[in-house]
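Novice: Add 367 to a position in the sequence shown, counting from 1, and you land on the number used in my numbering.
Below are the structure tokens for one structure; questions will follow.
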Amino acid sequence: MTLGKKIALWVVAIVLLLMIALIIIVATFDWNRLKPTINERVSNAIHRPFAIDGDLTVSWESPQGESGWRSWVPWPHVHAEDIHLGSPKAVTDRDLLELASLDVKLSLIPLMGKTVSIPHIEFSGAKAALVRLEDGKNNWTFDLGKGSQGADEPVDDGSGWTIDVGDIAFDPVDVHYEDAPLAANIDATIALLGKPIAFSELTENEGAAEQAVHDQDIADYAFGWKAEGEYQRQNVDGEGKLGGLAALRRRGAPYPIQASVEAGATRVSVSGTLVDPLAPKKIDMDLSFSGQNLGDLYDIIGVTLPDTPPYSTQGHLTANLDTQEALSFRYRNFDGRIGDSDIHGDLTYRMGEPRPLLKGEVVSQQLRFADLAPLIGADSNAEKSDRGEASRQPEDKLLPVEEFDTAQWKTMDADVKFTAQRIEHGDSLPLEDIYTHVTLNDGEILLDPLRFGVAGGSLNTTLRLDGSQSPMQSRIDMHIRHLMLSRLFPDVELMQNSRGELNGDATLSGTGNSVASMLGTSDGNLQMLINDGLISQNLMELAGLNVGNYLVGKLFGDEQVKINCAATNLEVTDGLASTRFFLIDTENALIKIDGTVNFANEALDLTIEPESKGARVFTLRSPLYVEGTFKNPSPGVDTGSLLARGAIGAFLGTVATPAAALLALVSPSADETTPCNDFLSQIQTGNQ
């Protein structure tokens, strides 16, 4: 044997001995001796406490899925117990993560390509605590540089080295979540499902699910979760399902999410996908809400909505999160109910400065008018309690005292159109439809127009509520045009032949955060005109006007009496409405009404004086009065004074006469006159 061959054999022998020695050392080495060094190095690298407090071992296993010479290179299997990953001391003393055990398998060959390949990770006894403070600081953010992740691509930390993670297995994980800005304190559990569930099985909108699956394969649900605790001072209870970890790392692929959460009386359900969940790009989900009051959603999703009766709605939520523009969330093609009314529409919520904006259109095919009562606090105390409202309407008050929450108005803007194609209200107020354009800008709400179809005519209103001021400033301009008396009172047979109309104008402005306070401080005027109608006790009973029934009975008995013209002009100062002009001209009498209506204390103080026409003599010798309050009016006869009989002309001369303004409300058409033309012209001429 030559010297060269001997040297080569010795080199091979030495290498083999060194490898055997290395294997023996690795196999028999007490890795726990390295724990102090590992703990210190990791803690310094991540700038927070890290410790392996339990056993640390390394063993060798045959590689899985490798072929050729690679199958001869064993994988080290690292096993560690009782692992703690701490939190920044400025945030919390609780550990971010605790593991009872951790098993990691490494592939050595990819190290030559500067890749740390981890084919398998398995852990048990995991507990996580996520904490965020009021100033936004949290314990889950690491400042370790930004990388990128794609479909089956390793994570690159910018140093040239990459990390490639394969399968991950674990038993149920307990998660505790504290969030001061959201007033959240929630405990959750995440676990593997016993069997994966196909995405389409849990999608409410089957058509959307089929289309999504057709467009791109969506992974099965692999994990389930449950949670309970408190959110925004409400009890929260929820459960749902998530896709697997492999789907979590697929770039551009939809990741399945399903959840059902109850927060107080509100229930929210979602089912759909999130593209690139580790760096979200798009949201595409079925979304449904239900609860006692739409206004409760402000505390849950931060969107200002009006108070309502119980509601439910289902629609589709989409959003493009991968944009340089302001984020927009679109809730499209939604259907639902508010009280007994249906709703349909499309809304977009756009984030941005100076405030988020809610924009869109809502349509109701059939609206129950009573379902609008919570908007102004006019629902009953029992209904207020059901929707979680603490305020109560006093038993002796008719005007709603519940205050608007103007602080919420300043958190977002709005531009929403609402249409009710048909209104249910019964026969007492024959509303036909509603259209309004609502804008909210920096705490000021404008409804322009707020238009009602009523009895063949229209009620056109502009309403402004300036919640940016304290107390709130309000103004309403209202125009009543061509309300047909035959349709106002469809159950009165004799009224069906009437061509009479109701017309009017009103302008009021006031201050205060409730309907009662706004009217109680209001200034403005109101004028109204009725021509060619009928009046009787029967009509008053149908309208539910007990006081009117009493007065008509005293004036006319049980007879049907024709009204030629009824006209009023009220001046309102600091909530006190005074009669400048209030006359009712009937076929056999002229009736004058004087007095005040006090919106501040809801007090009535009206005097009704009739003057007989022609030979007819009234048996009533004393004026009538209406006193008391809106809720409890008290009509009667003023027995202390007698009516002074005189000529009609002299009687009209006692009336202050803003008749010219009322004449503008008279004629239904340019070539037609009504009894009110002659009546008001006579008054105007006689008082000049």
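Just so it is clear, CB atoms sit at the ideal spot from N, CA and C, and this is done for glycine as well.
What's the call for PHE509, buried or exposed, on a 16-neighbour Cβ count within 10 Å?
Specialist: So PHE509 ends up on the exposed side.
Novice: Going by DSSP, which residues form a beta bridge with HIS804?
Specialist: According to DSSP, HIS804 bridges with LYS784.
Novice: Kindly identify the DSSP beta-bridge partner or partners of GLY995.
Specialist: Paired residues: PRO1000.
Novice: By how many angstroms is the C-alpha of PRO990 removed from the C-alpha of SER1008?
Specialist: Distance between the alpha carbons of SER1008 and PRO990: 7 Å.
Novice: Please state whether DSSP places PHE949 in a helix, a strand or coil.
Specialist: DSSP places PHE949 in strand when its eight states are reduced to three.
Novice: Does the beta-carbon of ALA550 have 16 or more other beta-carbons within 10 angstroms, so that it is buried, or is it exposed?
Specialist: Result: exposed.
Novice: Taking GLU407 as part of the alpha helix (DSSP H), name the residues at either end of that continuous run.
Specialist: Where GLU407 is concerned, the enclosing alpha helix (DSSP H) stretches over 402-413.
Novice: Hey, SER889 and ASP941: beta-carbon distance below 9 Å or not?
Specialist: Contact flag set, yes.
Novice: Assuming ASN880 contacts PRO838 (C-beta within less than 8 Å), just tell me the rounded distance between them.
Specialist: The pair is a contact, with the Cβ atoms about 6 Å apart (cut-off 8 Å).
Novice: If you drop the 5 nearest sequence neighbours on each side, which residues of the same chain put their C-beta closer than 6 Å to that of PRO677?
Specialist: Same-chain partners within the cutoff: GLN659.
Novice: Exposed or buried, which one is THR404 when buried takes at least 16 other CB atoms within 10 Å?
Specialist: Looking at its Cβ environment, which holds fewer than 16 other Cβ atoms inside 10 Å, THR404 is exposed.
Novice: Are the C-beta of GLY867 and some C-beta of chain D separated by less than 9 Å?
Specialist: Absent from the structure: chain D. Only one protein chain is present.
Novice: Going straight from the alpha carbon of ASP1045 to that of LEU664, what length do you get?
Specialist: Computed Cα separation, rounded: 57 Å.
Novice: Which same chain residues, not among the five before or five after GLU938, have their C-beta less than 6 Å away from its C-beta?
Specialist: Counting only Cβ-Cβ distances below 6 Å, and skipping sequence neighbours, we find ASN892, SER945 and ARG947.
Novice: To the nearest whole angstrom, what separates the beta carbons of ALA686 and PHE696, a pair I think is in contact under 8 Å?
Specialist: Between PHE696 and ALA686 the Cβ distance is about 5 Å, and since that is below 8 Å, they are a contact.
Novice: Can you tell me where the beta strand (DSSP E) holding THR935 begins and where it ends?
Specialist: From DSSP, the beta strand (DSSP E) with THR935 extends over 928-940.
Novice: Within the same chain, show all residues whose beta-carbon is closer than 6 Å to that of THR786, passing over the 5 residues directly before and after it, in chain order.
Specialist: Correct list, in chain order: VAL730 and TYR802.
Novice: Starting from the N-terminal side, write out each stretch of the alpha helix (DSSP H) that is 4 residues or longer and does not extend beyond the region 826-892.
Specialist: Entirely contained in the region 826-892, the alpha helix (DSSP H) runs reaching 4 residues are, in chain order, 852-855 and 882-887.
Novice: Between which two residues does the alpha helix (DSSP H) harbouring TRP776 extend?
Specialist: Note, TRP776: alpha helix (DSSP H), 773-776.
Novice: In three-state DSSP terms, what is GLY727?
Specialist: Reduced to three states, the DSSP call for GLY727 is strand.
Novice: Sort ALA594, THR671 and GLN733 by Cα distance to ASP772 and report the nearest one.
Specialist: When only C-alpha atoms are compared, the closest one is THR671.
Novice: Please report how far the alpha carbon of SER418 lies from the alpha carbon of LYS402, in whole angstroms.
Specialist: Strictly speaking, residue 418 in this sequence is Ala, with Ser absent from that position. Near 8 Å, if we compare the C-alpha coordinates of LYS402 and ALA418.
Novice: For ASP648, I'd like the list of residues in its chain whose CB is within less than 6 Å of its CB, leaving aside the five on either flank, ordered along the chain.
Specialist: Looking at the sequence provided, one finds Lys at residue 648 rather than Asp. Closer than 6 Å at Cβ, skipping near neighbours: VAL642, LEU688 and ASP689.
Novice: So what's MET652 in DSSP terms, helix, strand or just coil?
Specialist: It is a strand residue.
Novice: In whole angstroms, give me the CA-to-CA distance for GLU728 and THR640.
Specialist: When rounded, the distance between both Cα atoms is 26 Å.
Novice: Take every Cβ of the region 441-456, pair it with every Cβ of the region 537-551, and state whether three or more of those distances are shorter than 8 Å.
Specialist: Touching, no, given that fewer than three Cβ pairs across the two stretches are closer than 8 Å.
Novice: What separation, rounded to the nearest whole angstrom, lies between the Cα atoms of ASP519 and THR806?
Specialist: At ASP519 the pLDDT is 47, less than 50, meaning the model places this residue with poor confidence; the figure from the coordinates comes in the next sentence. Going by the C-alpha atoms only, they are around 48 Å apart.
Novice: Could you round the C-beta distance between ALA495 and VAL540 to whole angstroms and report it? I think they count as a contact, below 8 Å.
Specialist: Confirmed, about 7 Å.
Novice: Express the C-alpha separation of THR963 and ASP604 in angstroms, rounding to a whole number.
Specialist: Going from the Cα of ASP604 to the Cα of THR963 covers about 55 Å.
Novice: Measuring CA to CA, which of TRP442, LEU469, SER438 and LEU855 is closest to ASP422?
Specialist: Nearest of TRP442, LEU469, SER438 and LEU855 to ASP422, Cα basis: LEU469.
Novice: Leaving out five residues before and five after GLY820 in sequence, what residues of the same chain have Cβ atoms less than 6 Å from its Cβ?
Specialist: Cβ within range, chain order: GLU799 and ASP800.
Novice: Quick test of your reading: LYS472 and HIS446, contact by CB under 8 Å. State the CB separation rounded to the nearest angstrom.
Specialist: With a Cβ gap of about 10 Å, LYS472 and HIS446 do not count as contacting.
Novice: Would you call the region 841-855 in contact with the region 823-830, where contact means no fewer than 3 C-beta pairs closer than 8 Å?
Specialist: Touching, per the Cβ criterion.
Novice: By how many angstroms is the C-alpha of LEU724 removed from the C-alpha of ALA781?
Specialist: Using only the alpha carbons, I get a separation of about 5 Å.
Novice: Helix or strand or just coil, what does DSSP make of TRP507?
Specialist: Note: TRP507 maps to coil in three-state DSSP.
Novice: Since ASP531 and THR482 should fall inside the 8 Å C-beta cutoff, what is the C-beta to C-beta distance between them, to a whole number of angstroms?
Specialist: So it is a contact: roughly 6 Å between Cβ atoms.
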